[in-house]
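Position 153 (the sequence shown) corresponds to 141 in our numbering; numbering is contiguous. We put the beta carbon where it would ideally sit given N, CA and C, even for glycine. Notes follow the structure.
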Amino acid sequence: MMIKKTSTLLLILLCSTLISKAQDPNFLIFLAFGQSNMEGAGTIESQDRTVDSRFKVFQSVDCSNLNRTKNEWYPAIPPSCRCWSGLSPVDYFGRTLVENLPEHIKIGIINVSVGGCRIELFDKDIYQNFTNTFTEDWFQDIIKSYDGNPYQHLVDLAKKAQKDGVIKGILLHQGESNNGDSQWPNKVKKIYDDLITDLSLNPEDIPLLAGELVHADQGGALAGMNSIIAQLPATLPNSYVISSSECTDKDDNIHFNSAGYRDLGRRYGEKMMTLLEYNSELILAEQLPLESGLFQNHPNPAIVSTNIPFQLAKEGIVTLELLDLSGKTIRGIASGHYPEGRHVVEFDVSEIPSGIYFYKLLTTQAIQIKKIIIQ
């Protein structure tokens, strides 16, 4: 009898542990990699040290100076990469998301970057040919901190983090050490494809955002590489280039300064907001039949007007409303009795301030909400 009770207790404890470690679909995780500009070379100032508790960083290396341990989540106070790195685009990427997403959504960052590296260092099949790109201690110490293999280090961290949340995108800033390399887009695609495979992701759900180098309008020493970076979307579906135009830089004309990183990071975040398939459906009664539902508006972003399609399995009273990011209704779009079938409502947005909103369909069966961008 005692053995049976003990076994039951162990089973309960095991189940409790599994439940407590369940993956949170509202914890959105983003992988970041590249060289020194993604690693972060900006001075960390007082304004950068206050972050929303919903923005986390998954520590990539042990850092006694930060009181952080590898493989643990911490508030995303910079540095986000290694122990002594600086402000990075990911810092204001994450801030932008938490400022614009509902309060139950959390953001996590994993940043594995190597200053001075070529893109090939993240190719799992040939990385060993590039671990000695620089023989100086500073470069070799970075490689050692990632167990000699930055790509695998990123994958291992990501697999651990996937137990806590859902990977939703990849951020890249690299190209300085591949300046003029016309094969750069193909090399990035190879690394992206490997990440998708090794982490069991769906490429349709995982956009890759690649930032430009310091722009010509800032006197960028390597600005010519931007014409090659611009070719990435033609090579890699679901990739997007983030402009660095007017993002200020340091005197070396290679690294951004703190203000430049903030601007560039916000641009990464703003672009990701337009790409996230954020779905905050709240089912009130029963799941809508497959032939019923609210669909994405088009065009999106909307400038003057946009069309909002929805379909009803049976006739009923319908209400369409525009919500701000806090979920507050700010304008009615349509209301009334609609017959069974597909409907399209034209919505005039010309007098609505630019920004990110949600539109809500309310029927007797359910509420469905989708994101809309107004420019």
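Query, Result
"Short Cβ contact (9 angstroms threshold) for Val100 with Pro67", "no"
"Cβ neighbours of Ile321 in the same chain (closer than 8 angstroms, five flanking residues each side left out)", "Ile296, Leu308, Glu309, Leu310, Val333, Phe335, Tyr347"
"Nearest residue (CA-CA) to Val86, options Leu264, Asp193, Leu210", "Leu264"
"Closest by C-alpha distance to Leu293, when choosing among Gln363, Ile305, Gly207, Tyr80", "For the record, residue 293 in the displayed sequence is Ser; it is not Leu. Of the candidates Gln363, Ile305, Gly207, Tyr80, the one whose C-alpha sits nearest the C-alpha of Ser293 is Gln363."
"Cβ neighbour criterion (16 or more within 10 Å) applied to Ile357", "buried"
"Top-ranked residue by Cα proximity to Glu164, from Asp129, Arg250, Glu200, Asp182", "Glu200"
"Length-filtered (4 minimum) alpha helix (DSSP H) runs lying within the segment 202 to 232", "214 to 217, 220 to 223"
"Closest by C-alpha distance to Gln140, when choosing among Gly104, Gln171, Gly103, Asp182", "Asp182"
"Euclidean distance between Cα positions of Leu313 and Phe122", "47 angstroms"
"Per-residue burial, Lys94 [other beta carbons within 10 Å of its own, 16 or more giving buried]", "buried"
"Local Cβ density within 10 Å of Lys156, reported as buried at 16 or more and exposed below that", "buried"
"Through-space distance from Ser133 to Arg83, alpha-carbon basis", "27 angstroms"
"Inter-residue spacing [alpha-carbon to alpha-carbon] between Asn167 and Ser233", "18 angstroms"
"The beta strand (DSSP E) enclosing Lys44, as first and last residue numbers", "43 to 46"
"Length of the line joining the Cα atoms of Ala64 and Gly30", "16 angstroms"
"Terminal residues of the alpha helix (DSSP H) in which Asp79 lies", "77 to 88"
"Rounded Cβ spacing between Asn174 and Ile194 (contact assumed at less than 8 angstroms)", "Incorrect: roughly 18 angstroms between the Cβ atoms, too far for contact."
"Assigned exposure category for Trp126 - 16 Cβ within 10 Å defines buried", "exposed"
"Whole-angstrom distance between Gln171 and Ala222, CA atom to CA atom", "13 angstroms"
"Rounded C-alpha distance that separates Thr285 from Ser338", "It is worth fixing the name first, because residue 285 is Asn in this sequence and not Thr. Distance between the alpha carbons of Asn285 and Ser338 is about 15 angstroms."
"Limits of the alpha helix (DSSP H) - the one that Asp182 falls within", "172 to 186"
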